[in-house]
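*Asks:* With the working numbering applied, the sequence shown covers 104 to 313.
This is the structure I want to talk about, given as structure tokens.
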Amino acid sequence: MIHEILPVGLLQCNCSILGDEKTREAIVIDPGDDIPQIQAVLQRHGLKVKSIIITHAHIDHIAGAQKLKRLTGAPIFYNEKDLPLVKMMDVQASWLRMPTPEVAPPDAFLHEGQTVSAGDIHGKVLYTPGHTQGSVCLYIPESSLLIAGDTLFAGSVGRTDLPGGDTRQLIHSIQDQIMTLPDDTKVVPGHGPNTTVGEEREQNPFLQAQ
Ligand SMILES: [Zn+2]
104 MIHEILPVGL
114 LQCNCSILGD
124 EKTREAIVID
134 PGDDIPQIQA
144 VLQRHGLKVK
154 SIIITHAHID
164 HIAGAQKLKR
174 LTGAPIFYNE
184 KDLPLVKMMD
194 VQASWLRMPT
204 PEVAPPDAFL
214 HEGQTVSAGD
224 IHGKVLYTPG
234 HTQGSVCLYI
244 PESSLLIAGD
254 TLFAGSVGRT
264 DLPGGDTRQL
274 IHSIQDQIMT
284 LPDDTKVVPG
294 HGPNTTVGEE
304 REQNPFLQAQ
């Protein structure tokens, strides 16, 4: 599997591009900004985008989605519980003092247990509310890979002080949905360096002593 990670935009959101080497079909996760750079990577690998996945509707993860959809024709998917965040995109833009991006309801909602495929890549949707009410992760078992959005970071967890945030729920989501995965699962967080489930199980201070 082709996997490229591009930190995009002001807040350097990790956009993941997953590509099937045989069919050249791809899934793009969290195209928050810098669509020309994302397109260049797609072109370099000769990839055709099949699905655009948004882990949660914070502006730094969703802002470029409509633009990428227009360029590729690929549908956008996210969880319906983040629709309130999409409706307040102007407020989110004011937090970052940036212009309000064009956003829209998804082409279909993502829900727990659903599979998103591109060629031989099969990503399982894990519903992990807490950072936002509609937060999801994408787990690709064959590649031992988890795209974690802002739910889990190397040595930290997502902030819960923004609208829809809930600390208890976030920790429960991580314990029930992520800490139950194999230790060697590579975790690509929404920002910052990669980690593994095993490392976070051992060292993440937010996951110790309940
Ligand atoms: Zn976020």
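Glycine included, every Cβ here is placed at the ideal spot set by N, Cα and C.
(1) Mind checking whether the beta-carbon of Thr-235 lies closer than 8 Å to any heavy atom of ligand 1?
(2) Taking 9 Å as the cut-off, decide whether the C-beta atoms of His-225 and Thr-235 are in contact.
(3) Taking Gly-233 as the reference, give the member of Thr-254, Pro-244, Gly-222 and His-214 with the closest Cα.
(4) Is Asp-269 near ligand 1, going by C-beta to nearest heavy atom under 8 Å?
(5) For ligand 1, I want to know if Asp-185 counts as a neighbour, meaning its beta carbon is within less than 8 Å of at least one of the ligand's heavy atoms.
(6) Which stretch, first to last residue, makes up the beta strand (DSSP E) that contains Pro-204?
(7) Return the chain-ordered list of same chain residues with a C-beta closer than 7 Å to the C-beta of Lys-151, the five sequence neighbours on each side being excluded.
(8) Looking only at its own chain, which residues have a Cβ that is under 6 Å from the Cβ of Val-131, when we skip the five neighbours before and after it?
(9) Can you tell me whether Glu-124 is helix, strand or coil according to DSSP?
(10) For Leu-109, which beta-bridge partners are listed by DSSP?
(11) Is the separation between the beta-carbon of Val-239 and that of His-159 shorter than 9 Å?
(12) Just jot down, in chain order, the residues whose CB lies closer than 5 Å to any heavy atom of ligand 1.
(13) Would you kindly work out how many angstroms separate the C-alpha atoms of Pro-202 and Asn-117, rounded to a whole number?
(14) When burial is assigned at 16 or more other CB atoms within 10 Å of the CB, is Leu-249 buried or exposed?
(15) Along the chain, where does the alpha helix (DSSP H) containing His-164 start, and where does it finish?
(16) For Thr-270, which three-state DSSP category applies?
(17) What residue does the alpha helix (DSSP H) around Ala-143 start on, and which one ends it?
(18) Is the beta carbon of Asp-269 sitting closer than 9 Å to the one on Gly-237?
(19) Given this structure, state the Cα-to-Cα distance separating Pro-110 from Ile-141, to the nearest angstrom.
(20) If you drop the 5 nearest sequence neighbours on each side, which residues of the same chain put their C-beta closer than 6 Å to that of Tyr-242?
*Replies:* If we stick to the structure as given:
(1) With a cutoff of 8 Å, Thr-235 counts as near ligand 1, since its C-beta is closer than that to a heavy atom of the ligand.
(2) No. Outside cutoff.
(3) Closest option to Gly-233, Cα to Cα, is Thr-254.
(4) No, ligand 1 has no heavy atom inside 8 Å of this Cβ.
(5) The nearest non-hydrogen atom of ligand 1 is 8 Å or more from the C-beta of Asp-185.
(6) Annotation: Pro-204 is outside any beta strand (DSSP E) and is labelled neither H nor E by DSSP.
(7) The residues are Arg-127, Glu-128 and Ala-129.
(8) Correct list, in chain order: Ile-120, Val-152 and Ile-155.
(9) Coil.
(10) Beta-bridge pairing links Leu-109 to Cys-118.
(11) Yes, these two residues count as a Cβ contact at 9 Å.
(12) Every residue passing the under-5 Å Cβ criterion appears here: His-161 and Asp-253.
(13) Near 21 Å, if we compare the C-alpha coordinates of Asn-117 and Pro-202.
(14) Buried, by the Cβ-count rule.
(15) Note, His-164: alpha helix (DSSP H), 162 to 165.
(16) Thr-270 falls in the helix class under three-state DSSP.
(17) Segment 138 to 148, the alpha helix (DSSP H) holding Ala-143.
(18) Gly-237 is positioned such that its CB atom lies no closer than 9 Å to that of Asp-269.
(19) Each residue's Cα considered, the two are about 10 Å apart.
(20) Cβ within range, chain order: Lys-227, Leu-229 and Leu-249.
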